[in-house]
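**Q** Heads up, the sequence shown is in the numbering used here, so the first residue is 3 and it goes up one at a time. Glycine included, every Cβ here is placed at the ideal spot set by N, Cα and C. Given the structure is predicted, the values throughout are model-derived calculations rather than measurements. Below is a structure I'd like to ask you about.
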Amino acid sequence: MLSILHCIRDQHDSSLVCLAALVCVLTALGMVRLCRQVQWARGSARTGWLTTAGVVAGLGIWATHFIAMLGYDPGFVIGYDLVGTVTSLAIVLVTSIAALVIAARLRSRPGYAIGALLMGGGLATMHYVGMAALEMPALIRWNPGYVLTSAIFAVAPFALVLPLALHGKSMGTGAVAATLMTLAVVLLHFTGMTAISLVPSRAEFSSDTMMSPREMSLWVFVTAACTLGIAATAAMISRRAEIARRTSERLNNERLELIGRRLDMALENMHQGLCLFGADGGLILWNQRFVEMYGLAPQDIRSGMTMAEMARVAIANRAPADELDQRVGRVLHNLEAARNGRTHAPDVSEYDDFIVAVRSRPLPDGGWVSTFDDITEQRKSEARIQHLALHDGLTGLPNRSKFNDLMDRALAIAAHSGERLGVVVLDLDGFKEINDSRGHAAGDEALKTVATMLRGVLLEGEGVARLGGDEFAATILFNETHELADFVDRVASCFEGTATSAAGDFVIKASLGVASYPEDGQDREQLCNNADLAMYRAKDNLGERICYYEKGMDESARHRRQIAADLRGAAGRGELVILYQVQRSLKDECINGYEALLRWQHPVRGLVTPCEFIPIAEETGEIFAIGEWVLREACREAALWPEHQMVAVNLSAVQLGQPNLPEIVAGILVETGLSPRRLELEITETAIIGDKARALHILRKLKSMGVSIAIDDFGTGYSSLDTLNSFPFDKIKIDKSFVTCSDERPQARAIIRAVLALGRSLDVPVLAEGVETRSHVDLLQAEGCDQVQGFLFGRPQSAPSLADRGVTADIA
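Dropping the structure here:
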């Protein structure tokens with residue numbers, strides 16, 4: 003050790019030694035700084051930082067060595083061999099770079115040992131190759147002990163320098179690494195210099211390959227400057243990169259912290275419960291919603307619990323003890339199926355007041371996440387929706403769809419058990435009047451009241467439904483006929499007397515139709531259809547509220563349906579024919595006009611009378627198209643007659659209810675060119691009674707157009723004088739039934755006289771129908787009748803315009 007100190011003191015310039023030490027310290031600090039940058043770099047950038055660190059280390063160590071050599075004074079004039087000097091530089095550069103790359107890649111003790119051998123060995127090799135490059139008049143003798151010691155001093159510190167430089171993070175570890183590296187370089191150099199002994203000798207020098215100390219100092223200065231420049235530049239870049247990295251890291255940490263807070267917030271505010279399990283099956287985290295769903299206390303659940311333990315604790319809070327094992331087993335079974343990918347459907351568990359859907363999804367690391375969705379309200383909503391879909395929203399009774407399903411089930415039971423099935427279809431009578439007089443709210447209350455009364459009379463196994471509007475149906479499975487009769491009586495009892503509701507008291511009546519399986523039908527459609535037929539029979543028969551189905555009803559209904567089907571399009575097929583019956587004046591025997599009479603010549607049934615097909619046309623709504631066609635054809639025909647002749651066309655009660663009837667009539671008159679004063683519309687008083695205010699409003703609009711309005715069949719039906727008082731009719735027509743029997747019945751003659759007297763009093767012309775004999779004419783003339791119509795003056799015939807050309811009708 004004393005020899006080393008003697009060497010430093012006596013054989014070296016202290017100022018250059020200090021300079022070499024300074025360069026070495028700066029080199030060590032620069033290399034450590036650059037190595038630290040490798041921790042954050044990836045790919046080619048990582049290799050670049052390692053290479054730069056190796057270059058800085060190699061150049062700095064080489065510059066340190068030769069600065070110290072410049073301060074070495076052996077007592078001779080010395081020089082430096084160019085090849086040896088350059089070789090020493092190449093050795094230290096290559097070994098430094100290789101050592102850092104290997105240590106950084108392997109990141110293990112063997113890797114650091116290999117790196118230390120490379121770096122320390124390269125340092126020692128550089129030193130002795132550099133010493134061998136000295137040119138001086140002396141021979142060098144080496145002390146093996148000092149040489150070995152110097153090599154150990156070079157290698158040993160780097161076993162700590164490399165891991166501290168490459169993977170340390172603090173400034174302290176960086177300072178330790180730089181100090182150890184500086185110590186390794188200094189100890190190597192001065193131990194190696196102590197190992198030499200100089201023996202004077204004459205030597206030959208080649209000026210071509212030798213550098214003087216002055217030249218060497220220049221190259222050393224350049225190398226040191228480059229080293230320090232590279233180190234400074236790299237340090238500056240590293241500093242900026244570190245600042246950017248730290249800034250990015252801070253921002254990332256802040257972002258991660260914000261994301262974490264948001265995730266925590268989202269986790270705690272999820273409407274679903276959530277539990278995360280690790281690959282070992284232990285519970286990692288859970289949210290508050292899960293704890294709330296199962297009513298758990300905070301201490302009931304902890305990290306590390308298995309699914310079985312957690313399920314047992316949670317389910318025990320919701321299910322009876324005797325169901326616990328079964329429910330936990332089911333949870334574990336479904337979990338296993340979900341983790342193995344055998345099912346993706348949720349496991350739905352139902353408790354008294356709680357329904358939960360559990361869905362588990364496997365994670366790539368072997369764990370899984372389970373979500374718990376409270377679907378109690380969803381199930382309640384689905385049940386409400388299903389109830390609304392199958393039940394009437396107003397009364398709460400089953401609707402037609404549900405009734406059909408109940409009927410099908412009841413028929414299946416009856417067919418299997420041998421029982422019978424009774425069906426009662428009921429329709430409220432006069433329900434429209436409740437709506438019209440009290441409003442729809444009152445009508446709704448009436449329907450709810452009916453539903454409540456029907457429910458009240460039902461026994462177990464009996465059902466009732468609202469089919470729509472004011473139509474209801476009830477069913478019963480029975481064995482004896484008296485059971486069905488008792489059931490029908492109980493249903494009918496709901497419509498006896500006055501019913502009380504929130505909207506007041508109602509007198510509600512109903513018509514009931516009854517059909518039973520298997521006598522009256524084998525399937526639902528046939529049974530309901532036959533019960534409908536019986537109900538309509540009850541509605542048509544005054545005083546009869548209950549009607550049981552009979553086979554003849556079906557034949558009658560089938561006949562009416564066939565008539566209705568054939569009637570559609572009959573006008574277009576040319577089956578409808580208009581005949582005209584003359585109307586004469588008794589005063590001057592002149593023809594005043596004709597009444598248009600509709601006939602239907604059916605291609606199969608032959609002549610179908612208006613009294614047979616007109617009611618069916620009114621029921622089906624076909625009367626609108628037929629009535630418009632008749633009116634148009636009659637007006638078109640009348641336009642061909644003399645100007646003083648009128649055409650009379652009958653209007654049904656249904657037509658009179660058309661709000662746009664005046665517009666239709668006006669359009670036809672414009673289309674055909676017939677003057678309104680030549681058109682007479684005949685209505686019966688019955689047609690007015692249904693909705694008197696509306697009917698009179700429409701009649702006034704027609705009359706304001708110039709159209710004449712006649713009241714037909716006067717003396718039959720209501721024959722209310724109030725009707726004549728409410729509207730100024732243009733003509734009164736005495737029904738033919740009074741004229742026909744006037745010869746035999748004095749009462750008929752009295753009625754004729756009364757009507758004629760009424761006409762004179764009101765200054766309204768009177769026309770008598772059904773005039774067939776001269777005695778009828780004599781009676782009517784004696785009483786002052788204005789006009790007559792009947793077979794005596796002409797039967798219904800073809801259009802007058804055709805008759806003038808010799809064309810006659812085939813229909814009498």
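1) To the nearest angstrom, report how far apart Leu758 and Val466 are at their CA atoms.
2) Which residue or residues does DSSP assign as beta-bridge partners of Cys428?
3) Which of the three DSSP states is assigned to Glu666 in this structure?
4) Going by the DSSP bridge assignment, what does Arg361 pair with across the sheet?
5) If you follow the beta strand (DSSP E) that Thr1 is in, where does it begin and where does it stop?
6) Determine whether the beta carbon atoms of Ala540 and Gly515 lie at a separation below 9 Å.
7) In the DSSP assignment, the beta strand (DSSP E) including Asp715 goes from what residue to what residue?
8) In this structure, does DSSP put Met272 in helix, strand or coil?
9) If Ile685 and Ile711 are in contact, beta carbons under 8 Å, what's the gap, nearest whole angstrom?
10) Could you please give the first and the last residue of the uninterrupted alpha helix (DSSP H) stretch that includes His336?
11) Looking at C-beta atoms only, is the number of pairs between the segment 108-125 and the segment 164-171 that lie closer than 8 Å three or more?
12) Which same chain residues end up closer than 8 Å to Asp407 when comparing Cβ atoms and leaving out the 5 residues on each side of it in sequence?
13) How long is the line joining the alpha carbons of Ile377 and Arg329, rounded to whole angstroms?
14) Check this for me: beta carbons of Gly470 and Arg402, under 9 Å apart or not?
15) Can you tell me where the beta strand (DSSP E) holding Glu639 begins and where it ends?
16) Across which residues does DSSP place Phe480 in a beta bridge pair?
17) In chain order, what residues of the same chain lie with their CB nearer than 6 Å to the CB of Cys26, ignoring the 5 residues before and after it?
18) Thinking C-beta only, is Arg547 closer than 9 Å to Ala572?
19) Give the secondary structure of Gly2 by DSSP, where H, G and I count as helix, E and B as strand, and everything else as coil.
20) Which of the three DSSP states, helix, strand or coil, is assigned to Val766?
21) Just to confirm, are Gln190 and Ala135 a CB contact at a threshold of 9 Å?
22) Could I get the ranges of all uninterrupted alpha helix (DSSP H) runs contained in the segment 133-208, with 4 residues as the minimum, in chain order?
23) Using the Cα positions of Asp429 and Leu399, report the straight-line distance between them to the nearest angstrom.
24) Count the other CB atoms within 10 Å of the CB of Pro661; is the residue buried (16 or more) or exposed (fewer)?
25) Leaving out the 5 sequence neighbours to the left and right, which residues in its chain are closer than 8 Å to Gln270 when beta-carbon positions are compared?
26) Note down, in chain order, each residue of its chain lying with its Cβ closer than 7 Å to the Cβ of Leu479, except the 5 sequence neighbours on either side.
27) Skipping 5 residues on each side, what residues in its chain have a beta carbon closer than 7 Å to that of Leu529?
28) List the DSSP bridge partners of Pro400.
29) Secondary structure at Leu285, three-state DSSP: helix, strand or coil?
30) In the DSSP output, which residue or residues are listed as bridge partners for Val1?
31) Assess, as a yes-or-no matter, whether the segment 49-68 is touched by the segment 98-106 under the definition of 3 or more beta carbon pairs within less than 8 Å.
32) Roughly how many angstroms lie between the CA atoms of Thr2 and Glu384, to the nearest whole one?
33) What separation, rounded to the nearest whole angstrom, lies between the Cα atoms of Ala105 and Leu285?
34) Check the DSSP bridge columns for Met648 and list the partner residues they point to.
35) Would you list the residues sitting across from Ile736 in a DSSP beta bridge?
36) Please state the DSSP three-state secondary structure of Tyr114.
**A** Answer, in terms of the structure:
1) Cα-Cα distance, rounded: 57 Å.
2) Sequence check: residue 428 is Leu here, not Cys. Paired residue(s): Phe474, Leu514.
3) The residue asked about is misnamed: residue 666 is Ile in this sequence, not Glu. Helix at Ile666.
4) Thr373
5) As shown, the chain starts at 3 and ends at 814. That puts residue 1 outside it, with no answer to give.
6) yes
7) Segment 710-716, the beta strand (DSSP E) holding Asp715.
8) coil
9) 7 Å
10) It is worth fixing the name first, because residue 336 is Asn in this sequence and not His. For Asn336, the enclosing alpha helix (DSSP H) stretches over residues 326-341.
11) yes
12) Leu392
13) 18 Å
14) yes
15) Note, Glu639: premise wrong, no beta strand (DSSP E); alpha helix (DSSP H) at 625-640.
16) Arg422
17) Counting only Cβ-Cβ distances below 6 Å, and skipping sequence neighbours, we find Thr66, Thr184, Val187.
18) no
19) The requested residue 2 is not part of the displayed model; the chain covers only 3 to 814.
20) coil
21) Note that residue 190 corresponds to Leu in the displayed sequence, not to Gln. Contact: no.
22) The qualifying runs are 146-157, 160-169, 173-196.
23) 15 Å
24) Pro661 should be labelled exposed.
25) The amino acid occupying residue 270 in the given sequence is Glu; Gln does not appear at that position. Once the five neighbours on either side are set aside, the close Cβ partners of Glu270 are Asn289, Gln290, Arg291.
26) Excluding the 5 residues flanking it on each side, Leu479 has same chain C-beta neighbours closer than 7 Å at Ala412, Ile415, Ala416, Glu421, Leu423, Gly463, in chain order.
27) Val425, Ala517, Tyr519, Asp522, Gly523
28) His393
29) strand
30) For the chain, the structure presents residues 3 to 814; residue 1 sits outside this window and is missing.
31) yes
32) Nothing in the structure corresponds to residue 2, since the chain is present only between 3 and 814.
33) So the two alpha carbons sit approximately 40 Å from each other.
34) Gly595
35) DSSP output for Ile736 lists Phe716, Ala770 as bridge partner(s).
36) helix
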